[in-house]
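Engineer: Going by my numbering, the sequence shown wraps up at 352, each residue one higher than the last.
Next up is a structure, given as structure tokens.
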Amino acid sequence: MRRLLPALAVSTVLLLAVACSDSPTTPVAPATPGTPSLSREGADQEFDAQGNKSERHVFELANSAGARFARLRTSGGTGISYHGGQVLQAGTNVVAVYWGASPVYTNGPTPGGTGAGSGDNSMVGFFLAHLGGSPYFSINSTYKDGLGQAIKNVVNYTGYWANNTSVPANGQNVSDAAMISMLQSGLTSRKLVYDPNTLYLIFTAGTVNLGGGFGTQYCAYHTHGTVSVTGQGNKTILYAAMPYVNAYPTACSNNSPSPNNDPAADRVVNVLAHEIEETTTDMMGNAWFDSRGYENADKCAWNFGTMYTTGNGGWANMNIGGRDWLVQQNWINSGSGGCRLSF
Numbered sequence: 010m011r012r013l014l015p016a017l018a019v020s021t022v023l024l025l026a027v028a029c030s031d032s033p034t035t036p037v038a039p040a041t042p043g044t045p046s047l048s049r050e051g052a053d054q055e056f057d058a059q060g061n062k063s064e065r066h067v068f069e070l071a072n073s074a075g076a077r078f079a080r081l082r083t084s085g086g087t088g089i090s091y092h093g094g095q096v097l098q099a100g101t102n103v104v105a106v107y108w109g110a111s112p113v114y115t116n117g118p119t120p121g122g123t124g125a126g127s128g129d130n131s132m133v134g135f136f137l138a139h140l141g142g143s144p145y146f147s148i149n150s151t152y153k154d155g156l157g158q159a160i161k162n163v164v165n166y167t168g169y170w171a172n173n174t175s176v177p178a179n180g181q182n183v184s185d186a187a188m189i190s191m192l193q194s195g196l197t198s199r200k201l202v203y204d205p206n207t208l209y210l211i212f213t214a215g216t217v218n219l220g221g222g223f224g225t226q227y228c229a230y231h232t233h234g235t236v237s238v239t240g241q242g243n244k245t246i247l248y249a250a251m252p253y254v255n256a257y258p259t260a261c262s263n264n265s266p267s268p269n270n271d272p273a274a275d276r277v278v279n280v281l282a283h284e285i286e287e288t289t290t291d292m293m294g295n296a297w298f299d300s301r302g303y304e305n306a307d308k309c310a311w312n313f314g315t316m317y318t319t320g321n322g323g324w325a326n327m328n329i330g331g332r333d334w335l336v337q338q339n340w341i342n343s344g345s346g347g348c349r350l351s352f
């Protein structure tokens, strides 16, 4: 049974604004005077193991004023602009790095193992395997590279590494330098294969604090750093810090019933989609963003549009791969812009 839940009613229950600006069917959220905003200069930055500055692009908390402010159109045209940088035009490859002493998500890979993405039996793995080619990810095809070529609706879940070495403890702060060092260890030991078009997704369990601000400043982020690749020298690596958002269900989810009877996985896929689509359209932080520095997914942060109830009483707003999911909308770079669930 799929009973529609009007977006406005759901937002009242959740105390979240689910209406997206510039959408012809939803009201525009009013500006909040004095609300802080992210910028390219003001983003959270530190240095990686090679001394290079790393810029984080964070997914703000569900109750963040900044997240609500991001939805406003901040430039003409579609409300987002191209700044000349690289995009993952030919498709986005993803590798899951599960960093834990036990499986991070139910039915996830056995710690210590590596394998093809098809061997990941978790709900996270299922979502990654079916995201590409979906009407939802097709929204990214409205973005182009510097030659005017549209981004392809392709996501390849190429592999996983269930890393059970030097696992950080609950509450431990893990810097970007430490994450890059961990990825470097995977490359050196050949648990990972380097690819410049791959986003390496670092998943941790419990309250492991990837980046130092998990649950208090942000829910996840994507960025890049530098690693050494045998025979190739220093190379840029794309990665996303993907903490266990179910540890902060109010700050990092809408805390609604799980459509797949797996709250931890169902809540992280919303954050996961956000980071993948932003990396696809703004991999180095110099491609697609608006005049305040917000990337496409930022502009629709925590905006789920119209939801429905699933057979188990969960809440969802889309079906991908034959399963129901609750995933935020994404900003479409077409017409006058706006938040959408499909294209």
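Beta carbons are placed, not taken as given, at the ideal position from N, Cα and C, and that holds for glycine.
From a predicted model like this one, the values you see are computed outputs, not experimental measurements.
Have a look at the DSSP bridge pairing and note the partners of V164.
Structural biologist: BP columns for V164 point to T101.
Engineer: Hey, S150 and D299: beta-carbon distance below 8 angstroms or not?
Structural biologist: Result no, Cβ atoms of S150 and D299 do not sit closer than 8 angstroms.
Engineer: Check the C-beta distance from M293 over to G94 and give it rounded, since I have them as a contact under 8 angstroms.
Structural biologist: Rounded, the Cβ-Cβ distance is 5 angstroms, consistent with contact.
Engineer: Measure the beta-carbon distance from F146 to V164 and round it to whole angstroms, keeping in mind my assumption that it falls under 8 angstroms.
Structural biologist: Between V164 and F146 the Cβ distance is about 6 angstroms, and since that is below 8 angstroms, they are a contact.
Engineer: Given a cut-off of 8 angstroms, decide if W108 and V176 are closer than it, judged by their beta-carbon atoms.
Structural biologist: Going by C-beta atoms, V176 is nearer than 8 angstroms to W108.
Engineer: To the nearest angstrom, report how far apart G314 and D185 are at their CA atoms.
Structural biologist: Cα to Cα, G314 sits roughly 33 angstroms from D185.
Engineer: Smallest Cα separation from F214: which of T123, P252, N312 and L192?
Structural biologist: Here the sequence assigns Ala to residue 214, which means Phe is not the residue at that position. Of the candidates T123, P252, N312 and L192, the one whose C-alpha sits nearest the C-alpha of A214 is P252.
Engineer: How should T239 be labelled, buried or exposed, when 16 other C-beta atoms within 10 angstroms of its C-beta is the threshold for buried?
Structural biologist: T239 should be labelled exposed.
Engineer: Residues in the same chain with beta-carbon distance under 8 angstroms from T119, minus the five sequence neighbours each way, listed in chain order, please.
Structural biologist: Taken in chain order, the residues that qualify are P112 and A171.
Engineer: Would you mind giving the Cβ-Cβ distance between T288 and A250, rounded to the nearest angstrom? I have them listed as a contact below 8 angstroms.
Structural biologist: Not quite, the Cβ-Cβ distance comes to about 12 angstroms (not below 8 angstroms), so this is no contact.
Engineer: Would DSSP call H92 helix, strand or coil?
Structural biologist: Of the three classes helix, strand and coil, the one that applies to H92 here is coil, per DSSP.
Engineer: By a C-beta neighbour count over all protein chains shown, 10 Å radius and 16 as the cutoff for buried, is N305 buried or exposed?
Structural biologist: It counts as buried.
Engineer: On the DSSP bridge assignment, give the partners of T213 in chain order.
Structural biologist: Answer is none; T213 lacks a bridge partner.
Engineer: With DSSP run on the structure shown, which of helix, strand or coil describes S190?
Structural biologist: Residue state, collapsed to three classes: helix.
Engineer: Which runs of the alpha helix (DSSP H), 4 residues or longer, sit entirely within the stretch 234-300?
Structural biologist: Counting only runs of 4 or more, we get 272-290.
Engineer: Where does the unbroken beta strand (DSSP E) through D154 begin, and where does it stop?
Structural biologist: D154 -> no beta strand (DSSP E), and no H or E assigned at all.
Engineer: Using C-beta distances below 8 angstroms, list every residue in its chain close to Y230, excluding the 5 sequence neighbours before and after it, in chain order.
Structural biologist: So the list reads D53, R65, H66, V67, F68, G220, A249, A250 and E284, once near-sequence residues are dropped.
Engineer: Could you say which of D333, C228, T225 and F135 lies nearest to N321 if we only look at CA atoms?
Structural biologist: Here the closest residue by C-alpha is D333.
Engineer: Are there 16 or more other CB atoms within 10 angstroms of the CB of S127, so buried, or fewer, so exposed?
Structural biologist: Per the 10 Å Cβ criterion, exposed.
Engineer: Ordered along the chain, which non-local residues of its own chain (more than five positions away) have a Cβ less than 6 angstroms from that of L70?
Structural biologist: Closer than 6 angstroms at the Cβ level, and outside the excluded window around L70, lie A260.
Engineer: Rounded to a whole number of angstroms, what is the C-alpha to C-alpha distance between G168 and S73?
Structural biologist: Approximately 34 angstroms between the Cα atoms of the pair.
Engineer: At which residues does the alpha helix (DSSP H) containing A138 begin and terminate?
Structural biologist: Residues M132 to L140.
Engineer: Which residues does DSSP pair with R332 in a beta bridge?
Structural biologist: Paired residue(s): I329.
Engineer: Classify Q193: buried if its beta carbon has 16 or more other beta carbons within 10 angstroms, exposed otherwise.
Structural biologist: The residue in question, Q193, is buried, as its Cβ has 16 or more Cβ neighbours within 10 Å.
Engineer: Quick one: Cα of D307 to Cα of G347, how far?
Structural biologist: Spanning the two alpha carbons is a distance of roughly 12 angstroms.
Engineer: Helix, strand or coil for N342, going by three-state DSSP, please let me know.
Structural biologist: Of the three classes helix, strand and coil, the one that applies to N342 here is coil, per DSSP.
Engineer: Nearest to G124 by alpha carbon, out of G141, N162 and K200?
Structural biologist: Among G141, N162 and K200, the Cα nearest to that of G124 is on K200.
Engineer: Look up G124 in the DSSP assignment and say whether it is helix, strand or coil.
Structural biologist: Three-state result, G124: strand.
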